[in-house]
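Enquirer:
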């Protein structure tokens with residue numbers, strides 16, 4: 034398997050705050066409210082890194098002292114696209130950094146027999162081709178949902194795409210990187226492997242159930 038830590042366009046986080054918060058997420062005794070807040074906080078910390086290359090342009094601003102030219106984000110800015118439903122838990126963390134971001138949605142569910150993603154919804158902000166697009170999903174397991182979501186965005190004209198997750202299995206990360214080498218991938222923690230049921234180990238359980246308090 035490729036050395037994922039040294040692959041171009043793959044960033045695996047090492048920040049102590051992210052690692053600490055992910056450890057709290059893993060704890061089966063962490064309740065819904067705390068879990069939801071942790072997902073939001075981790076998304077904000079990862080987003081700070083992932084959005085470090087947004088383009089800037091100088092604009093004229095009048096300070097209390099004088100008028101100056103100062104940098105602001107340029108262009109059509111940002112589109113955040115959560116993969117439903119667990120990806121919704123990461124949206125508020127990114128919008129805390131960029132409140133003007135537009136939000137799209139891609140809906141998928143996992144076929145429990147084949148483990149393949151099944152799409153049922155896709156709505157993206159327009160014009161999608163002029164935006165930096167951040168696809169968010171807490172879990173990157175087999176990679177099927179991420180690959181399909183990115184395929185859909187490209188089909189609709191999306192060009193500058195980033196994918197951000199909290200934990201990933203090596204198998205899924207390799208598949209997404211090989212299928213979409215042009216997409217920048219940001220991972221909070223790279224876990225050990227997938228088990229026979231395609232769940233990430235050691236993982237944190239079903240992120241959607243733990244965010245929304247369902248089973």
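Residue numbers (my numbering): 34 to 248.
Every residue, glycine too, gets a C-beta built ideally from N, C-alpha and C.
Keep in mind it's a predicted model, so treat the numbers as computed, not measured.
Specify, as a first and last residue, the run of the alpha helix (DSSP H) that residue 175 falls within.
Expert: Segment: none, residue 175 is in no alpha helix (DSSP H) and carries neither H nor E.
Enquirer: Do the segment 201-218 and the segment 237-247 make contact, defined as three or more Cβ pairs closer than 8 Å?
Expert: The segment 201-218 vs the segment 237-247: no contact.
Enquirer: Alpha carbons only, please: which of 171, 57, 46 is nearest the one belonging to residue 120?
Expert: Checked all of 171, 57, 46; the closest Cα to residue 120 is 171.
Enquirer: Contact defined as beta carbons within less than 8 Å: I believe residue 45 pairs with residue 57. What is the distance between those atoms, to the nearest angstrom?
Expert: With a Cβ gap of about 19 Å, residue 45 and residue 57 do not count as contacting.
Enquirer: Of the choices 185, 194, 174, 43, whose alpha-carbon is the least far from that of residue 229?
Expert: Here the closest residue by C-alpha is 174.
Enquirer: Under DSSP, the alpha helix (DSSP H) around residue 128 begins and ends at which residues?
Expert: From DSSP, the alpha helix (DSSP H) with residue 128 extends over 121-128.
Enquirer: Cutting at 7 Å between CB atoms, please list the residues of its own chain near residue 91, excluding the five before and the five after it.
Expert: Here the set comprises 102, 103, 104.
Enquirer: Would you identify the three-state DSSP class for residue 112, choosing helix, strand or coil?
Expert: In the structure shown, residue 112 sits in a strand (DSSP, three-state: E or B).
Enquirer: Does the beta-carbon of residue 71 have 16 or more other beta-carbons within 10 angstroms, so that it is buried, or is it exposed?
Expert: Under this definition residue 71 is a buried residue.
Enquirer: Assign residue 190 to buried or exposed, taking buried as 16 or more other Cβ atoms, counted over all protein chains shown, within 10 Å of its Cβ.
Expert: When all chains shown are included, residue 190 counts as exposed.
Enquirer: On the CB-based measure, 16 or more other CB atoms within 10 Å of its CB, does residue 181 come out buried or exposed?
Expert: The residue is buried, with at least 16 neighbouring Cβ atoms inside 10 Å.
Enquirer: The alpha helix (DSSP H) spanning residue 103 covers which residue range?
Expert: First-last for residue 103: 100-106, but that is the beta strand (DSSP E), not the alpha helix (DSSP H).
Enquirer: Quick check on DSSP: helix, strand or coil for residue 222?
Expert: Three-state result, residue 222: strand.
Enquirer: Check the DSSP bridge columns for residue 44 and list the partner residues they point to.
Expert: Answer is 219.
Enquirer: List the residues that DSSP assigns as beta-bridge partners of residue 141.
Expert: Its beta-bridge partners are 152.
Enquirer: Compare the C-alpha of residue 77 against each of 50, 152, 193, 248 and name the closest.
Expert: Of the candidates 50, 152, 193, 248, the one whose C-alpha sits nearest the C-alpha of residue 77 is 50.
Enquirer: So, at 8 Å on beta carbons, what are the nonlocal neighbours of residue 65 in its own chain, with the 5 sequence-adjacent residues on each side left out?
Expert: Correct list, in chain order: 243, 244, 245, 246.
Enquirer: Tell me where the beta strand (DSSP E) around residue 95 begins and ends.
Expert: Where residue 95 is concerned, the enclosing beta strand (DSSP E) stretches over 89-95.
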